[in-house]
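Residue numbers (the numbering used here): 81 to 290.
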């Protein structure tokens, strides 16, 4: 069909280069939004809507984790107490570590290894384990210059922030993975079980972290 039949007369008065540039931008934007579905790449919506976590949103890590989870699963929300939740994301530990891995002839540090380690578990509303304690870590090696301590310390802090976001993306992927979704749906459909019954009836779902 001819383009003139599809567009209002006002659109045809727009100069051609400007029109086609605008049209191309709209098409590209539409394709991008359709392709990503407003979700982070490789991440599916969570199988639960109301989430409680002991990870405070007063820290950059906690605030970014909440923001990333909600971006990947818009139907979900964080609640203020476990009693309101369908699932409980519990932080067991979050540790930063910085160690020297290279020293020059003057005894000055030339390179550091940075490590960020996070251990967590996921429970259902009744406190039953959906995802057992899982540890994820991120490691980076960073050159260091003792002559520029302030600049390098600022750089290390920025790298830790980047590592936190990388870790957050992995946490969200793990929570939205098919095996965690299946485990949550299965466990939440079961009546109250004792610990022994859970061990006998529930399949072993623990897998290597993503």
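Where a beta carbon is used, it is the ideal one built from N, C-alpha and C, also for glycine.
Tell me the rounded alpha-carbon separation between residue i and residue j.
| i | j | result |
| --- | --- | --- |
| residue 166 | residue 182 | 48 Å |
| residue 238 | residue 158 | 28 Å |
| residue 144 | residue 200 | 16 Å |
| residue 240 | residue 271 | 43 Å |
| residue 173 | residue 135 | 10 Å |
| residue 230 | residue 209 | 45 Å |
| residue 160 | residue 138 | 14 Å |
| residue 177 | residue 197 | 8 Å |
Please return the same chain residues whose Cβ sits closer than 6 Å to the Cβ of residue i, not counting the five positions on each side in sequence.
| i | result |
| --- | --- |
| residue 168 | 132, 162 and 203 |
| residue 225 | 232 |
| residue 179 | 193 |
| residue 141 | 244 |
| residue 184 | 190 |
| residue 227 | none |
| residue 246 | 218 |
| residue 286 | For residue 286, the predicted structure reports a pLDDT of 41, less than 50, and the residue's modelled location is therefore unreliable. A value from the coordinates is still provided. Around residue 286: 212. |
| residue 248 | 144, 145 and 148 |
I need the boundaries of the alpha helix (DSSP H) containing residue i, first residue and last residue.
| i | result |
| --- | --- |
| residue 174 | Counting along the chain, residue 174 falls outside any alpha helix (DSSP H), though it belongs to the beta strand (DSSP E) covering 167-183. |
| residue 263 | 258-268 |
With respect to the beta strand (DSSP E) encompassing residue i, which residues constitute its N-terminal and C-terminal limits?
| i | result |
| --- | --- |
| residue 201 | 189-204 |
Who are the near neighbours of residue i in its chain, counting only those whose CB is closer than 8 Å to its CB and skipping five residues on each side?
| i | result |
| --- | --- |
| residue 156 | 125, 126, 128, 129, 130, 131, 149 and 150 |
| residue 191 | 180, 181, 182, 221, 222, 223 and 224 |
| residue 96 | Bear in mind that the predicted position of residue 96 carries a pLDDT of just 49, short of 50, making it too unreliable to give a figure here. |
Per DSSP, which residues does residue i bridge with? Please list them.
| i | result |
| --- | --- |
| residue 132 | 168 |
| residue 222 | 192 |
So what does DSSP say about residue i, is it helix, strand or coil?
| i | result |
| --- | --- |
| residue 154 | coil |
| residue 247 | helix |
| residue 209 | strand |
| residue 216 | strand |
| residue 161 | coil |
| residue 137 | coil |
| residue 124 | coil |
| residue 232 | helix |
Can residue i be considered in contact with the ligand MG, in the sense that its beta carbon sits closer than 8 Å to one or more heavy atoms?
| i | result |
| --- | --- |
| residue 239 | Among the ligands in the structure shown, none appear at all, so the ligand MG cannot be discussed. |
Identify, in the order they occur along the chain, each residue of the same chain with its Cβ nearer than 7 Å to the Cβ of residue i, setting aside the five sequence neighbours on each side.
| i | result |
| --- | --- |
| residue 188 | 226 |
| residue 279 | Because the pLDDT at residue 279 is just 46, under 50, the model does not fix this residue reliably, and the point stays unresolved. |
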